[in-house]
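Protein sequences appear in the order of chains A and B. Here the first sequence is numbered in UniProt numbering, starting from 1 and rising by one per residue. Here the second sequence is numbered in UniProt numbering, starting from 1 and rising by one per residue.
Protein chains: 2
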Amino acid sequence: MPEFICGLDAAVAVIGGKWKPLILWALSVEPRRTGELRRELEGISEKVLTQQLRELERDGIINREVHQEVPPKVVYSLTPMGVTLDRAMASLGDWGEQHMAAISAARRT
Amino acid sequence: MPEFICGLDAAVAVIGGKWKPLILWALSVEPRRTGELRRELEGISEKVLTQQLRELERDGIINREVHQEVPPKVVYSLTPMGVTLDRAMASLGDWGEQHMAAISAARRT
DNA sequence: TGGGGTACTTACCTTGAGGTGGGTGTCATG
DNA sequence: CATGACACCCACCTCAAGGTAAGTACCCCA
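If you want it as structure tokens, here you go:
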């Protein structure tokens, strides 16, 4: 399954989940607890959230710190690699910001 | 269906097809005919290729020039907006290039 | 005592992106 | 005369990503 054709391919594989860009954007602002993320990403289910978090963790993009408490407390944050990914995504984000109106319009036909 | 949450969201919606990054990368080198693309993207089917090309065309990323000839000749190229998208993707591509080995390794477990 | 918050997991189902394989029409070439 | 190149379209199928709903375990607070 690994073995990518090019770098862009690999990057898309990492950020290609439905909610992953939003998760990374949220975590780039500051670390968050699970519940905070769930509330911020309106519409995501608990299952899918933990799923995507697990994948990002596996890919080395985010850290998962478990605070051994009751009630449970889990904090997610970007790894150094996650921070570099976030910066790399920024230019794409800028592009989208500038063209999203045009894209929305184009898709209404 | 339109209405994006953020710019990154919009950009991912545009480049989020399985073959779209590769198509854009190919077209950024130089315009291509349908058959040239099909041969270059090993493994893609004709249906999916034309499908993704139609979507990129609808989003204003590529041009489709039909040369009224026999046999048919259709040439695809990036629009100005496509060129800017390509530049925006470059940094993501660089990131992927640098980390693809780590990602591949992480995914083998 | 029971409701709510915490962070999950499991089983099940739906949806759509992508893949497969066929058909279209024209012309050059063997 | 029929095969192949060209750029498609159409009907069908598959599979995995994502969504839904329920259950787990612990504690606090009213």
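Just so you know, even glycine gets a beta-carbon here, dropped at the ideal spot from N, CA and C.
Proximity test, Cβ basis, 8 Å: residue i and chain B
{"i": "proline 26(A)", "result": "The sequence given here has alanine at residue 26(A), not proline. No, alanine 26(A) does not count as interfacial toward chain B."}
{"i": "threonine 84(A)", "result": "yes"}
{"i": "valine 48(A)", "result": "no"}
{"i": "glutamate 97(A)", "result": "yes"}
{"i": "arginine 107(A)", "result": "yes"}
{"i": "serine 45(A)", "result": "no"}
Minimum Cβ-Cβ distance from residue i to chain A less than 8 Å
{"i": "methionine 1(B)", "result": "Here methionine 1(B) scores only 48 on pLDDT, less than 50, and its place in the model should not be relied on; the value that follows carries that caveat. Cβ-Cβ to chain A under 8 Å: yes for methionine 1(B)."}
{"i": "leucine 8(B)", "result": "yes"}
{"i": "leucine 22(B)", "result": "yes"}
{"i": "valine 14(B)", "result": "yes"}
{"i": "isoleucine 103(B)", "result": "yes"}
{"i": "isoleucine 62(B)", "result": "no"}
8 Å Cβ cut-off: residues of chain A touching residue i
{"i": "arginine 32(B)", "result": "Ordered by position in chain A, no residue passes the 8 Å Cβ test against arginine 32(B), which lies about 17 Å from the chain."}
Straight-line gap, residue i to residue j (C-alpha atoms, nearest Å)
{"i": "aspartate 86(A)", "j": "proline 72(B)", "result": "44 Å"}
{"i": "serine 28(B)", "j": "proline 80(A)", "result": "31 Å"}
{"i": "tyrosine 76(B)", "j": "leucine 41(B)", "result": "14 Å"}
{"i": "valine 66(B)", "j": "valine 74(B)", "result": "5 Å"}
{"i": "threonine 34(A)", "j": "leucine 92(A)", "result": "26 Å"}
{"i": "glycine 96(B)", "j": "leucine 8(A)", "result": "6 Å"}
{"i": "alanine 10(A)", "j": "glutamine 68(B)", "result": "39 Å"}
{"i": "asparagine 63(B)", "j": "isoleucine 103(B)", "result": "34 Å"}
{"i": "arginine 32(B)", "j": "glycine 60(A)", "result": "37 Å"}
{"i": "methionine 100(A)", "j": "glutamate 3(A)", "result": "32 Å"}
{"i": "serine 45(B)", "j": "glycine 16(A)", "result": "22 Å"}
{"i": "glutamine 52(B)", "j": "valine 70(A)", "result": "50 Å"}
{"i": "leucine 56(B)", "j": "alanine 90(B)", "result": "18 Å"}
{"i": "arginine 54(A)", "j": "arginine 39(A)", "result": "18 Å"}
{"i": "alanine 106(B)", "j": "leucine 24(A)", "result": "19 Å"}
{"i": "leucine 22(A)", "j": "threonine 84(A)", "result": "16 Å"}
{"i": "isoleucine 5(B)", "j": "leucine 78(B)", "result": "26 Å"}
{"i": "threonine 109(B)", "j": "valine 14(A)", "result": "16 Å"}
{"i": "alanine 26(B)", "j": "arginine 58(B)", "result": "18 Å"}
{"i": "tryptophan 19(B)", "j": "glutamate 36(A)", "result": "34 Å"}
Contact list for residue i against chain B, beta-carbon separation under 8 Å
{"i": "arginine 38(A)", "result": "What arginine 38(A) touches in chain B: nothing, since even the nearest Cβ is about 15 Å away."}
Closer than 7 Å: residue i CB and nearest the ligand FAD heavy atom
{"i": "tryptophan 25(A)", "result": "Although the ligand FAD was asked about, the structure shown includes no ligands whatsoever."}
Per DSSP, the bridge partner or partners of residue i
{"i": "glutamate 42(A)", "result": "For glutamate 42(A), which the question treats as bridged, DSSP gives no partner whatsoever."}
{"i": "arginine 64(A)", "result": "Tyr76(A)"}
{"i": "arginine 107(A)", "result": "For arginine 107(A), which the question treats as bridged, DSSP gives no partner whatsoever."}
{"i": "arginine 33(A)", "result": "Val75(A)"}
Within chain B, partners of residue i - CB distance below 7 Å
{"i": "leucine 53(A)", "result": "What leucine 53(A) touches in chain B: nothing, since even the nearest Cβ is about 15 Å away."}
{"i": "glutamate 91(A)", "result": "One detail in the question is off: residue 91(A) reads as serine in this sequence, not glutamate. Going along chain B in sequence order, the residues near serine 91(A) (Cβ under 7 Å) are Ala88 and Ser91."}
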